[in-house]
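> Got a structure here, written out as structure tokens. Questions coming.
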Amino acid sequence: MALGDLEREVMTQLWAAGEPLTVRQVHERLSGRGLAYTTVMTVLDRLAKKSVVVQEKDGRAYRYAPAQTREQMTASLMLDALSDTPDQDAALAYFVGQLPPDAIAAAIEAAKKA
Numbered sequence: 058m059a060l061g062d063l064e065r066e067v068m069t070q071l072w073a074a075g076e077p078l079t080v081r082q083v084h085e086r087l088s089g090r091g092l093a094y095t096t097v098m099t100v101l102d103r104l105a106k107k108s109v110v111v112q113e114k115d116g117r118a119y120r121y122a123p124a125q126t127r128e129q130m131t132a133s134l135m136l137d138a139l140s141d142t143p144d145q146d147a148a149l150a151y152f153v154g155q156l157p158p159d160a161i162a163a164a165i166e167a168a169k170k171a
């Protein structure tokens, strides 16, 4: 499931926080964008409906936290894209061929640890 630009910005704030945030807290972190509070609330509600974030009741407000780590979400998106192609091996080989050698080495090391 692809995310829009604003959804990605909101997710970046949630991942960086390391703890669930209220709409107000996310809005404050995005203050440079000039967004309305209700816009941030709508984006978080949509992300919750897509199961991208977890919504927790906290008094009268809700707190939002990512449902997955950034790495897990990226892997899910990549797997979704690969599942849509008839030649997964060729698509994966092309993707890996676009990576810098140090990224490939890091991925191999991470796979050995998994």
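In my numbering, the protein residues as written are 58 to 171.
Glycine residues also receive a C-beta, built at the ideal position from the N, C-alpha and C atoms.
Pop quiz: residue 118 and residue 79 are said to be a contact at Cβ under 8 angstroms. What is the actual Cβ separation, rounded to whole angstroms?
5 angstroms
> I'd like to confirm the pairing. Which residues does DSSP put opposite residue 97 in its beta bridges?
By DSSP's assignment, residue 97 forms no beta bridge with any residue.
> How would you write the range of the alpha helix (DSSP H) that residue 123 sits in, first residue to last?
Taken as a continuous stretch (DSSP letters only), residue 123 belongs to no alpha helix (DSSP H), being part of the beta strand (DSSP E) at 118–123.
> Please classify residue 90: is it buried, with 16 or more other beta-carbons within 10 angstroms of its beta-carbon, or exposed?
exposed
> Would you mind stating whether residue 104 and residue 97 have Cβ atoms separated by less than 8 angstroms?
no
> Determine the DSSP secondary structure at residue 92, reduced to helix, strand or coil.
coil
> Quickly, what does DSSP pair residue 112 with across the bridge? List them, please.
121
> What residue does the alpha helix (DSSP H) around residue 169 start on, and which one ends it?
158–170
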